[in-house]
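Protein chains in written order, with numbering that gives the first Met the number 0: chain A, 0 to 240; chain B, 0 to 240.
Number of protein chains: 2
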Amino acid sequence: MHFTSEQLLDDGVLERRFTLGEIPGVLWTSGSAPAPLILMGHPGGLDRMHPRLAARARQTVAEGYAAATIELPGAGVRPRVAAADQARADLRRAVEAGERVSDDIVDRLVLPLVDQAVPEWRATLDALQELPEIGGPVGFSGGVISIGVRLAVVEPRIVAAALFAGSYVPRAIIEEARQVTIPLHVLLQWDDEGNDRQMALDLFDAFGSKEKTLNANMGGHTGVPAYAGDAANRFFARHLG
Amino acid sequence: MHFTSEQLLDDGVLERRFTLGEIPGVLWTSGSAPAPLILMGHPGGLDRMHPRLAARARQTVAEGYAAATIELPGAGVRPRVAAADQARADLRRAVEAGERVSDDIVDRLVLPLVDQAVPEWRATLDALQELPEIGGPVGFSGGVISIGVRLAVVEPRIVAAALFAGSYVPRAIIEEARQVTIPLHVLLQWDDEGNDRQMALDLFDAFGSKEKTLNANMGGHTGVPAYAGDAANRFFARHLG
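Here it is, written out as C-alpha cells:
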C-alpha cells in the first residue's frame, strides 16, 4: 500500500489516497488512536462517486471510525472488463425495452465482479490493519450488495454490515446469503428505479442472520433520506462500539 | 371522561385510568405542562396488554409526550361482539388447518372493528385535548394497523403515525391507505407467525405518504427488538418535536 496524496479537510478529517498494486483507494481518518474501520462499498467509479463517498466518510469518521474504499474491477481508471461491459449494455437494452432483466444478464454482470473484488477488499483490509490508526472490529457499509454478501460470508474480520440494496442480485448470491450470520442493516429505496424490489426482499429473507433489519424508504436510488443514514450509524454504534 | 384511579409510578409518571362512556382507557403523563399526545394502539384486552402498554407508555412519556389508550370494541371488559367472535374462530380454524386466511374472514374480523373503534378514538382525543397536560400535535403508535390507517385518513389532528404491521389487513383498507399523506414509520416483524407478510408489504406500498419508512426486524410477533423502539422514538421526535 502506497499513499499517493493526503489532504486535511476542514473538519479535521485526513483524506489519503493510496494504491494497492494497481488498485486506487481512499482512507479517511481522524487522529492517531486506533479506530474501528468501516469499509465503504460503492457502485464503481471512485472519482465520479467521490463527493458522495467523502460526505459519507466524514460522517463515519465523526462517529469515531476510520473509513476506506477502493475502486472496483473494470471501473474508473482501472482496465475495462469486456464481458462486464457487454453485460451492462445488455442490461441497459433490456431496461430501455421495458423487459424483465434476465438472470443470465445479472449473473454475467455481477458474479465475475464479486469473484474479483472480494479478494481485493480482503487484501486492502490486510494492508489497512497494518496502520496504527486502524484497530478493533471491522464493518462493511454500502453496495455493491452482492460484494457485501460474499464478504460477510468469507471475511471473519467483518462483524457487521449495513448493505445498500441498490443493485441487481444473482440467484446464486441469494443462496449464499443463507450462510451470512453477522448482524445486518439493509437499506432499500422502495421505489428505486434501477433495482428489482422483489429481488431485494428475497435477499433480505434469505439472510441467515438472527439480527437483521430492513430499512426501506422513499426517494429513489440516490434519495436516501438523512434519517436513514442516522439509523445505519446507530446500527454500527451497537456493533462496532 | 371520568378518571377512576390514579397511580404515581416510580419514574414520576402519573398513570390514570378513565372511562369515556362505557369505554375504559389509560392516560400516562408527567408534570403539568402541555405535552404532545401519542395515542397507543393495541390488539385489544387492556388488562392483559397492560404490562407491555405501560412499558411503552413510560418510554413515550420519558421522551416528552403524553400517552393514552382505550379498550377496543368487543375486547376486555366491553360487551362481546358475536360477529367478531365468529370471524376470529373462523380465522383460528383456517390457520390451524394450514389454509390461506380468506379475504372474507379478514373483512368480517377487521372492518366492523375499524368502523366502531375509529369514532371512539376520535371522541377520546376530543376529551383528552380538554386536559391542560395535553397540547400540540398528536401521533398514533401501534396496532391494530387498520385502525391506524383509517385514523390517518380521517383525523387531521394526527400528524404522524408509527404503525405495527402485526394483524390481518382487509383489501379495502389497503385501498384506503392510498389516501394517507402523513409521515409513516411502519414496523414489521418479518417472521410474524400471526401475520401475512405480503399483505403488510402491499399495505406499505399502497400508502400515499411521501415520507414512509418500513422497519422490518426478526424476533416474531412479540419479539420487537429494543432498537426498533428507538427508531420509532426518533421518528416521533422528527414530527412531534
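Every residue gets a Cβ at the ideal spot worked out from N, C-alpha and C, and that includes glycine.
Handout entry: Touching by the beta-carbon criterion (3+ pairs, under 8 Å), the segment 184-191 of chain A and the segment 159-170 of chain A
Key = yes
Handout entry: Meets three-Cβ-pair contact criterion under 8 Å: the segment 88-101 of chain B and the segment 138-150 of chain B
Key = no
Exercise for the section: Check the DSSP bridge columns for A/Asn216 and list the partner residues they point to. Expected result: The residue you call residue 216 of chain A lines up with position 217 of the first sequence. BP columns for A/Asn216 point to A/Gln188 and B/Thr212.
Practice task
Could you check the C-alpha separation between B/Met39 and A/Leu38 for me, to the nearest Å?
Solution key: As a working mapping, residue 39 of chain B is identified with position 40 in the second sequence. As a working mapping, residue 38 of chain A is identified with position 39 in the first sequence. Straight-line Cα distance between these residues: approximately 40 Å.
Exercise for the section: Could you say which of B/Phe234, B/Trp120 and B/Ala230 lies nearest to A/Phe234 if we only look at CA atoms? Expected result: Indexing the first sequence from 1 puts residue 234 of chain A at position 235. Of the listed residues, the one whose Cα sits closest to A/Phe234 is B/Ala230.
Problem - Cβ contact check for the segment 0-11 of chain B and the segment 32-51 of chain B: 3 or more pairs under 8 Å - result: no
Exercise for the section: Let me know the secondary structure DSSP gives B/Ala74 once reduced to three states. Expected result: The residue labelled residue 74 of chain B in the question sits at position 75 within the second sequence. Coil, per DSSP.
Practice task
Could you tell me whether the Cβ of B/Arg177 comes closer than 8 Å to any Cβ of chain A?
Solution key: Position 178 of the second sequence holds residue 177 of chain B. It does not: the Cβ of B/Arg177 has no partner Cβ on chain A nearer than 8 Å.
Problem - Spatially closest choice to B/Ser145 from B/Ala53, B/Asp204, B/Thr180 and B/Val113, by CA coordinates - result: Within the second sequence, residue 145 of chain B is the residue found at index 146, counting from 1. Ranking B/Ala53, B/Asp204, B/Thr180 and B/Val113 by Cα distance to B/Ser145 puts B/Val113 first.
Problem - Partners in chain A for B/Leu167, counting only beta-carbon separations shorter than 7 Å - result: Within the second sequence, residue 167 of chain B is the residue found at index 168, counting from 1. The amino acid at residue 167 of chain B is misidentified as Leu; the sequence shows Tyr. Neighbours of B/Tyr167 on chain A: none; closest Cβ ~20 Å, over 7 Å.
Problem - B/Thr212 burial status per 10 Å Cβ neighbour count (16 or more: buried) - result: For the purposes of this step, residue 212 of chain B is taken as the residue at position 213 of the second sequence. By the neighbour-count rule (16 or more Cβ atoms within 10 Å), B/Thr212 is buried.
Practice task
Have a look at A/Leu19 and A/Glu129 and give me their C-alpha separation to the nearest angstrom.
Solution key: Within the first sequence, the letter at position 20 stands for residue 19 of chain A. Within the first sequence, the letter at position 130 stands for residue 129 of chain A. The alpha-carbon atoms of A/Leu19 and A/Glu129 are separated by roughly 13 Å.
Practice task
Could you check what DSSP says for B/Ala0 in three-state terms: helix, strand or coil?
Solution key: One-based indexing of the second sequence puts residue 0 of chain B at position 1. The amino acid at residue 0 of chain B is misidentified as Ala; the sequence shows Met. Note: B/Met0 maps to coil in three-state DSSP.
Exercise for the section: Go ahead and pull the three-state DSSP assignment for B/Thr221. Expected result: For the purposes of this step, residue 221 of chain B is identified with residue 222 of the second sequence, where counting begins at 1. Coil at B/Thr221, not helix or strand.
Exercise for the section: Over the uninterrupted alpha helix (DSSP H) stretch that includes A/Ala82, give me the two end residues. Expected result: Looking up residue 82 of chain A in the first sequence gives position 83. Note, A/Ala82: alpha helix (DSSP H), Ala81 to Glu95.
Exercise for the section: Thinking A/Gly240 and A/His220 are a contact (beta carbons under 8 Å), I'd like their distance in whole angstroms, please. Expected result: Residue mapping note: residue 240 of chain A aligns to position 241 of the first sequence, counting from 1. Residue mapping note: residue 220 of chain A aligns to position 221 of the first sequence, counting from 1. With a Cβ gap of about 31 Å, A/Gly240 and A/His220 do not count as contacting.
Handout entry: Distance between B/Pro72 and B/Phe139 (C-alpha atoms, nearest Å)
Key = If you number the second sequence from 1, residue 139 of chain B lands on position 140. If you number the second sequence from 1, residue 72 of chain B lands on position 73. Going by the C-alpha atoms only, they are around 18 Å apart.
Handout entry: Same chain, Cβ closer than 7 Å to A/Ala56, five either side skipped, listed in chain order
Key = Counted from its first residue, the first sequence places residue 56 of chain A at position 57. Around A/Ala56: Trp27, Met39 and Ala66.
Exercise for the section: Report back the beta-carbon spacing between B/Pro42 and B/Val143 to the nearest angstrom; my notes put them in contact at under 8 Å. Expected result: Position 43 of the second sequence, counting from 1, holds the residue named residue 42 of chain B. Position 144 of the second sequence, counting from 1, holds the residue named residue 143 of chain B. That pair is a contact at about 6 Å.
Practice task
Could you tell me if A/Ala81 is buried or exposed, where buried requires 16 or more neighbouring beta carbons within 10 angstroms of its beta carbon?
Solution key: As a working mapping, residue 81 of chain A is identified with position 82 in the first sequence. With fewer than 16 other Cβ atoms within 10 Å, it is exposed.
Practice task
Alpha carbon to alpha carbon, how far is A/Gly141 from B/Asp195? Give it in angstroms, no decimals.
Solution key: Position 196 of the second sequence, counted from the first residue, corresponds to residue 195 of chain B. Position 142 of the first sequence, counted from the first residue, corresponds to residue 141 of chain A. Computed Cα separation, rounded: 30 Å.
Handout entry: C-alpha distance - A/Met198 paired with B/Ala215, whole-angstrom precision
Key = For the purposes of this step, residue 198 of chain A is identified with residue 199 of the first sequence, where counting begins at 1. For the purposes of this step, residue 215 of chain B is identified with residue 216 of the second sequence, where counting begins at 1. Near 16 Å, if we compare the C-alpha coordinates of B/Ala215 and A/Met198.
Problem - Residue from A/Val94, A/Val12, A/Ile157 and A/Arg237 with nearest C-alpha to B/Pro224 - result: Residue numbering aside, residue 224 of chain B sits at position 225 when the second sequence is read from its first letter. Ranking A/Val94, A/Val12, A/Ile157 and A/Arg237 by Cα distance to B/Pro224 puts A/Arg237 first.
Practice task
Taking only beta-carbon positions, decide if B/Ala67 is within less than 8 Å of chain A.
Solution key: To locate residue 67 of chain B, count along the second sequence from 1; it is residue 68. No - not a single Cβ of chain A is within 8 Å of the one on B/Ala67.
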